[in-house]
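In what follows, a single structure is set out as structure tokens and then discussed.
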Amino acid sequence: AAEEAGDPWRFHAGSVEAEVERELSLLGELDEAVAAGELEVLFQPKLDLRADRIVSVEALVRWRHRERGPLSPDLFIPLAEKGGRIDGLTFYVFDRTIEALHRWAAAGHPIVAAINLSARLVTAPDFMAALADRIAASGVAPEALILEVTESAAMHDPAGAAAALAAIRALGVRISMDDYGTGQSTLSYLKRLPLDELKIDRSFVQHAHSDRGDAVLVRSTIDMAHELGLKVVAEGVEDEACLAWLRAAGCDLAQGYHISRPTSAGAVLELLDQQQRA
Ligand code: C2E
Ligand code: CA
Ligand code: CA
Ligand code: CA
152 AAEEAGDPWR
162 FHAGSVEAEV
172 ERELSLLGEL
182 DEAVAAGELE
192 VLFQPKLDLR
202 ADRIVSVEAL
212 VRWRHRERGP
222 LSPDLFIPLA
232 EKGGRIDGLT
242 FYVFDRTIEA
252 LHRWAAAGHP
262 IVAAINLSAR
272 LVTAPDFMAA
282 LADRIAASGV
292 APEALILEVT
302 ESAAMHDPAG
312 AAAALAAIRA
322 LGVRISMDDY
332 GTGQSTLSYL
342 KRLPLDELKI
352 DRSFVQHAHS
362 DRGDAVLVRS
372 TIDMAHELGL
382 KVVAEGVEDE
392 ACLAWLRAAG
402 CDLAQGYHIS
412 RPTSAGAVLE
422 LLDQQQRA
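Its first residue numbered 152, the sequence shown is counted upward by one per residue in the working numbering.
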């Protein structure tokens, strides 16, 4: 080490190594957490604005790390993608979601559940084939499943993404475009991808009732989506004013803290029981 003392790159190289080491150890811990069933899958309800009922949920993965506390999926999903673990993690979320769908259906609530599909999985033929097999073996109707994909899924291989999504959609699974409005070439993807639903990103939704510009964008997105035969979900609905505005604008579904935080399968069951009694 002494002979390296004068090397100007030493400190920098060391910190990159430390960073890589940190990521590798976190990746190992992620493997263990998946194997031990320590990742938690929560479900956030989506409210049908016309029926005023919860008709579907979105599965969102959680990692309560033993030492580090709760880690955001925005942190460990990219790590899993980079480390080649995203297929296993997605199947883990899929399996928990299927269990929950069976549980809710057995209690008399045949609702729909969405899972998030990382961009790179959409164009991974082996993954998509395995997913189709799992759906067929799940005992759940494909119509009870939605796959949420982002625009970046289509960015590097639009034709490949469109073909892969069309194949799985032919089974009856629905496809939703997530975080709509935040990506690039949005309009061309809308035309090319086989879609059923469009989720307007919360950065537009949150101020739609108070900001003229956002109001115009959200309202015209809803109208355009309807013209294309798509259902529209508004995400990040945090208050009643926002919800009322969306209802008036003809939005189909709403999701956000004002309706419910992401919560356990059991808590969703209680919400569904409650709404049935009401
Ligand atoms: P997303 O798919 O856009 O999910 C919505 C995020 O917004 C979730 O964050 C949710 O908890 C949060 N959210 C919901 N309602 C509100 C609200 O009213 N206000 C605000 N401020 N936030 C709200 P979360 O759970 O931290 O997930 C972050 C992202 O991580 C997700 O964004 C998704 O891209 C990714 N992710 C989560 N679970 C999975 C998964 O199983 N697979 C993959 N590939 N990605 C996942
Ligand atoms: Ca999503
Ligand atoms: Ca989203
Ligand atoms: Ca997001």
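C-beta atoms are modelled at their ideal positions from N, C-alpha and C, and glycine is treated no differently. Computed from a predicted structure; not experimentally measured.
Please state whether DSSP places GLY234 in a helix, a strand or coil.
coil
What do you reckon, is the C-beta of ASP362 under 8 Å from a heavy atom of ligand 3?
no
With DSSP as the reference, identify every bridge partner of ASP199, one or two as the case may be.
In the DSSP assignment, the residues bridged to ASP199 are ARG204 and LEU404.
Does DSSP put LEU344 in a helix, in a strand, or in coil?
coil
If we count the other Cβ atoms within 10 Å of its Cβ and call it buried at 16 or more, is VAL167 buried or exposed?
exposed
Could you check if GLY380 is buried or exposed, using at least 16 other CB atoms within 10 Å of its CB as the buried criterion?
Under this definition GLY380 is an exposed residue.
Would you decide whether ALA321 is buried or exposed? Buried here means 16 or more other CB atoms lie within 10 Å of its CB.
exposed
Nonlocal neighbours in the same chain, by C-beta distance under 6 Å from LEU222, ignoring five residues either side:
TRP214 and HIS216
Please output, in chain order, the residues near ligand 2 using a CB cut-off of less than 6 Å to any non-hydrogen atom of the ligand.
GLU209, ASN267, GLU299 and ASP329
Per the DSSP calculation, PHE194 is bridged to which residue(s)?
Answer by DSSP bridge pairing, in chain order: ALA210 and THR414.
Element boundaries [beta strand (DSSP E), containing ASP330]:
325–331
Can you have a look at GLU173 and say buried or exposed, based on whether 16 or more other CB atoms are within 10 angstroms of its CB?
It is worth fixing the name first, because residue 173 is Arg in this sequence and not Glu. Exposed.
Cβ of LYS197 versus every heavy atom of ligand 3: is any distance shorter than 8 Å?
no
Run the CB neighbour count on GLU170, radius 10 Å, all protein chains shown included, and call it buried at 16 or more, exposed below.
GLU170 comes out exposed.
Confirm the yes/no value for this check: CB of HIS216, any heavy atom of ligand 1, distance under 8 Å.
Checking every heavy atom of ligand 1 against the Cβ of HIS216, none is found closer than 8 Å.
Just verifying my parser: in three-state terms, what is the DSSP assignment at GLY179?
helix
With distances taken Cα to Cα, identify the nearest neighbour of PHE355 among SER371, ASP182 and ALA251.
Distances from the CA of PHE355 to each of SER371, ASP182 and ALA251 were compared; the closest alpha carbon is that of SER371.
Cβ of GLY220 versus every heavy atom of ligand 5: is any distance shorter than 8 Å?
Judged by which ligands are present, ligand 5 is missing from the structure shown, whose ligands are ligand 1, ligand 2, ligand 3 and ligand 4.
Do ALA437 and LEU349 have their C-beta atoms closer together than 9 Å?
The first residue shown for the chain is 152 and the last is 429, placing residue 437 beyond what the model contains.
Does the beta carbon of ASP352 fall short of 8 Å from some heavy atom of ligand 3?
Remark: the shortest separation between the CB of ASP352 and any heavy atom of ligand 3 falls under 8 Å.
With respect to 8 Å, is the separation between the Cβ of GLU123 and the closest non-hydrogen atom of ligand 3 below this value?
It is not possible to answer for residue 123, since the shown part of the chain is limited to 152 through 429.
What would DSSP say about VAL300, mapped onto helix, strand or coil?
strand
Out of LYS382, LEU397 and ILE286, which has the shortest C-alpha to C-alpha gap to ASP365?
LEU397
DSSP three-state call for ILE286: helix, strand or coil?
helix
Cβ pair count under 8 Å reaching 3, the stretch 265–274 against the stretch 290–303:
yes
Quick one: does the C-beta of GLU348 sit closer than 8 Å to a heavy atom of ligand 3?
no
Helix, strand or coil at ALA429 [DSSP, three-state]
coil
Under 8 Å: does the beta carbon of LEU240 sit that close to some heavy atom of ligand 1?
yes
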